[in-house]
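A quick write-up on the structure given underneath.
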Amino acid sequence: MSIGKRIRELRESKGLTQSQLAELLGITKSAVGNYELDLSGPKESVLYKLIDVLECDANYLFQDGVSKKQNEFKVTPYEQEHIKKYRTLDRHGKKAIDQLLDVEYTRIVEQSLQLDEVPAPYLYTKTEYLTGLSAGTGLFVFDDIPTQVINVPEEYKEADFVIGVSGDSMQPTYYNGDKVAVKKSPCISRGEIGVFMIDGSGYIKELGDGVLISHNKSFNDINLTESTICIGRVLGKI
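Sequence positions in the sequence shown follow the numbering used here and run 980 to 1217.
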C-alpha cells in the first residue's frame, strides 16, 4: 500500500474529509489530495502534524516507500557500464538514446497499467473529475475529487478517467466545457496532448521539445521543469 493510500485510509477511519484534515494541518485541500494520490509528499513540518492528527507513526506511513526507494536506486554492474558508455556520447548520441528510452519506457508503462474490463459497447468506469482542469493559466486540482459512473464510447476503452476542460488555450482542439478521456501514463511522446501537474496546478497541453504547447496562439507555452508531472495522455473528446 502506498503512502498516499495509508493517509487516505487513516483519514477516513477518523471520519475526516480532506477539507477538515487540511484545516487541522494548516494546508490546502489540494495538498491533501496530492498526498493521497502520491503526487507529492508532506514536508517535515506537516508530517509531524499529520502523524499527531492521524495518531500513527512514520514507520507505518513510509514502510513500503522506503524499501521501494532502496530497490529503485540499486545500480547493477551492467547498468553502470551503460552509464559509462552514455557519458562518452556527444549531444547527438545522447539525444538518440533519450528518445529510444522514452519510447520503450512508455511502451512498458502502458503494458503495466491495469485497466478495468470493458463490456462493449461502453466502458463503465469510475470517473475522477479534476474539476476545472485548465486549458488556460492553470487551476488547482484534486480538491475532494467527486466520483461518479459514466458511459465512455468504445473508441476510448483504454480511458482511466474523464476530466472537464476549463479555459480556451487549447482552442480549436478543445473548448471550455469539453470533457476528455485520459489514459494514465507517467510520460507521453512529443506531439501528444496530455494532462500535466505543475506546482499543484493542472494543465491540458501538447508536449513539445522542452515546453508544453498551447494550441491557441494567444497563450504562451510553458517551459518544462523538474516539478512538471505527467498524469496521462488525452485520448480525445467525449
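Here a beta-carbon is modelled for each residue, glycine too, at the ideal position from N, C-alpha and C.
For a cut-off of 8 Å, the C-beta gap from Y1153 to I1183 is around 7 Å, short enough to register as a contact.
DSSP places N1038 within a helical segment (H, G or I) once states are collapsed to three. Residue pairing from DSSP places V1190 in a beta bridge opposite N1202. DSSP places I986 in the uninterrupted alpha helix (DSSP H) bounded by 982 to 992.
For T1207, the enclosing beta strand (DSSP E) stretches over residues 1207 to 1216. Contact annotation: L1214 and V1159 have beta-carbon atoms nearer than 9 Å. With a cutoff of 9 Å on beta-carbon distance, G1211 and L1186 are scored as not near each other. In the displayed model, P1132 falls within a strand according to three-state DSSP. If you draw a straight line from the Cα of L1079 to the Cα of L1033, it comes to about 45 Å. G1020 is positioned such that its CB atom lies closer than 9 Å to that of Y1014. For A1160, the beta-bridge partners assigned by DSSP are V1141, G1215.
In chain order, L1018, I1208, I1210 place their CB closer than 7 Å to the CB of M1176, counting only its own chain and leaving out the 5 sequence neighbours on each side.
Excluding its 5 nearest sequence neighbours in each direction, N1195 has C-beta neighbours in its own chain below 7 Å: D1147, S1148, M1149, Q1150, listed in chain order. The C-alpha of E988 is placed about 45 Å away from the C-alpha of K1064. Spatial neighbours of K1163 in its own chain (CB-CB distance under 8 Å, excluding positions within 5 residues in sequence) are listed in chain order as L1092, D1139, F1140, I1210, G1211. Beta-carbon to beta-carbon, F1041 and I986 are separated by about 11 Å, too far to satisfy the 8 Å threshold. Put simply, the backbone Cα of D1077 is about 12 Å away from that of I1062. Straight across, the Cα-Cα distance linking V1161 with G1173 is about 8 Å. Taking the Cα of S1168 as reference, the smallest distance to any Cα among Y1084, V1131, A1010 is reached at Y1084.
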